[in-house]
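Chemist: Before anything else, here's the structure in question.
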Amino acid sequence: DTEVTQTPKHLVMGMTNKKSLKCEQHMGHRAMYWYKQKAKKPPELMFVYSYEKLSINESVPSRFSPECPNSSLLNLHLHALQPEDSALYLCASSPRQGDSVKNSPLHFGNGTRLTVT
Amino acid sequence: AQSVTQLGSHVSVSEGALVLLRCNYSSSVPPYLFWYVQYPNQGLQLLLKYTSAATLVKGINGFEAEFKKSETSFHLTKPSAHMSDAAEYFCAVRNTGTASKLTFGTGTRLQVTL
Chain A
2 DTEVTQTPKH LVMGMTNKKS LKCEQHMGHR AMYWYKQKAK KPPELMFVYS
52 YEKLSINESV PSRFSPECPN SSLLNLHLHA LQPEDSALYL CASSPRQGDS
102 VKNSPLHFGN GTRLTVT
Chain B
1203 AQSVTQLGSH VSVSEGALVL LRCNYSSSVP PYLFWYVQYP NQGLQLLLKY
1253 TSAATLVKGI NGFEAEFKKS ETSFHLTKPS AHMSDAAEYF CAVRNTGTAS
1303 KLTFGTGTRL QVTL
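From first to last, the protein sequence lines are chains A and B.
So the first sequence is residues 2 to 118, counted in my numbering.
So the second sequence is residues 1203 to 1316, counted in my numbering.
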C-alpha cells in the first residue's frame, strides 16, 4: 500500500474537457511534486510545492495548472489538453526541501493514467 | 546539474542468477543517490538510498548497492533473482540546493526467465 493516494486511477478526457487530478498524503510532508511519465521513459518533473508554495515549474504549458490547497493535498487542473499529454501522472511527497533533507527519498503514489482523445 | 546514467535499457537473467544493474553518476561533490523500482501499472517504490554513512547499502527485497567514489558508480545487485523481481529499475540523484529535485536515469527493465 502506498501512503500517497492519487485519484482517479484512470481518466479519459477530450481535448475540450476540464478535469482535475488529486493527490493526498498524511505523512506530514511539506514538499509535494508532480511528475509526468510517458511509456518506457523515466518520470519527468513538472512542479514542486514547498510549504504550499510553488517553488519549481519546469516550463510546463499553462494547460496544466497545479494547486496546493493545504499541506496534505495537491491538485493538478487540466484544460484543453492535447493527445500527446496522455501519460502516467505521478504525485510524490517528501519531508521538505533544502540541504537538511537532501538524502530524504520521495514517496510516490500509484499515479493517474491519463488518456486524451 | 547532477545526473545519472544507467547502462543497459534491458537486462535478462535466469531465476536464481545474480542481478547487476549499473548506475553511474556525474558529480564533483557527494551525491544523494537512490534506487527505485516500478512494477507494471504502479508508482515508484524506494529500494534503497545512499546516505554516506556506509558505502554498501542494503535495501528491501534482498537488493543492495555499493557506492564507489573512484568509479562514480552506484550499481544495484541481488545475489539470486526471483520471478517477482521483473520490473523497471530507476537510479536517481537528488540535486543539491533549495530546489532539491529528484532526477532519474533512463531506467533498466529487468526480465527474469525460468
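Glycine included, C-beta positions come from ideal geometry on N, C-alpha and C.
Small disclaimer: the values here were computed from a predicted structure and weren't measured.
1) Do you know offhand how far A1294/B's Cα is from Q1208/B's?
2) Go to N1243/B, then tell me how far its beta strand (DSSP E) extends in each direction, as first and last residue.
3) Pairing CB atoms from the region 23 to 37 of chain A with CB atoms from the region 1260 to 1276 of chain B, are three or more of them under 8 Å?
4) Flag Y1227/B as yes if its beta-carbon sits less than 7 Å from any beta-carbon of chain A, otherwise no.
5) Taking the alpha-carbon of E85/A as reference, which of L55/A, S21/A, T118/A has the nearest alpha-carbon?
6) Which value, in whole angstroms, describes the spacing of the CA atoms of A1256/B and S1229/B?
7) When the Cα atoms are used, what is the spatial distance from Q1244/B to L107/A?
8) To the nearest angstrom, how far is it from the Cα of F109/A to the Cα of S1254/B?
9) Starting from the beta carbon of L1/A, find every residue of chain B whose beta carbon is closer than 7 Å, and list them in chain order.
10) Rounded to the nearest angstrom, how far is the Cβ of L79/A from that of P44/A, given a contact under 8 Å?
11) From which residue to which residue does the beta strand (DSSP E) around P70/A run?
12) Which residues, in order along the region 44 to 55 of chain A, keep a beta-carbon less than 7 Å from a beta-carbon of chain B?
13) Report the three-state DSSP secondary structure of E59/A (helix, strand or coil).
14) To the nearest angstrom, how far is it from the Cα of S1216/B to the Cα of L1312/B?
15) Let me see if you follow: with CB-CB separation under 7 Å, is G1/A close to chain B or not?
Modeler: The relevant details are as follows:
1) Stepping through the second sequence from its first residue, residue 1294/B is reached at position 92. Stepping through the second sequence from its first residue, residue 1208/B is reached at position 6. Roughly 10 Å between the two C-alpha positions.
2) Taking the second sequence and counting its residues from 1, the one referred to as residue 1243/B is at position 41. Careful: N1243/B lies outside any beta strand (DSSP E) and carries neither H nor E.
3) no
4) Position 25 of the second sequence, counted from the first residue, corresponds to residue 1227/B. No - not a single Cβ of chain A is within 7 Å of the one on Y1227/B.
5) Locating residue 85/A in the first sequence gives position 84, counting from the first residue. Residue T118/A is the option with its Cα nearest to E85/A.
6) Counting from 1 along the second sequence, the entry for residue 1256/B is found at position 54. Counting from 1 along the second sequence, the entry for residue 1229/B is found at position 27. Roughly 18 Å separates the two Cα atoms.
7) Residue mapping note: residue 1244/B aligns to position 42 of the second sequence, counting from 1. Residue mapping note: residue 107/A aligns to position 106 of the first sequence, counting from 1. Looking at the two C-alpha atoms, the distance is approximately 15 Å.
8) On the first sequence, position 108 is the one that residue 109/A refers to. On the second sequence, position 52 is the one that residue 1254/B refers to. Answer to the nearest angstrom: the Cα atoms are 23 Å apart.
9) Only positions 2 to 118 of chain A appear in this structure, which leaves residue 1/A out of reach.
10) For the purposes of this step, residue 79/A is taken as the residue at position 78 of the first sequence. For the purposes of this step, residue 44/A is taken as the residue at position 43 of the first sequence. In fact, because the Cβ distance is near 18 Å, the residues do not count as touching under 8 Å.
11) Walking along the first sequence from the start, residue 70/A turns up at place 69. Element bounds for P70/A: 65 to 71.
12) P44, L46, V49
13) Here residue 59/A corresponds to residue number 58 of the first sequence, with the count starting at 1. Three-state DSSP puts E59/A in coil, outside helix and strand.
14) The sequence position of residue 1216/B within the second sequence is 14, counting from 1. The sequence position of residue 1312/B within the second sequence is 110, counting from 1. Whole-angstrom Cα-Cα distance: 11 Å.
15) No answer is possible for residue 1/A: it lies beyond the span of chain A, which begins at 2 and ends at 118.
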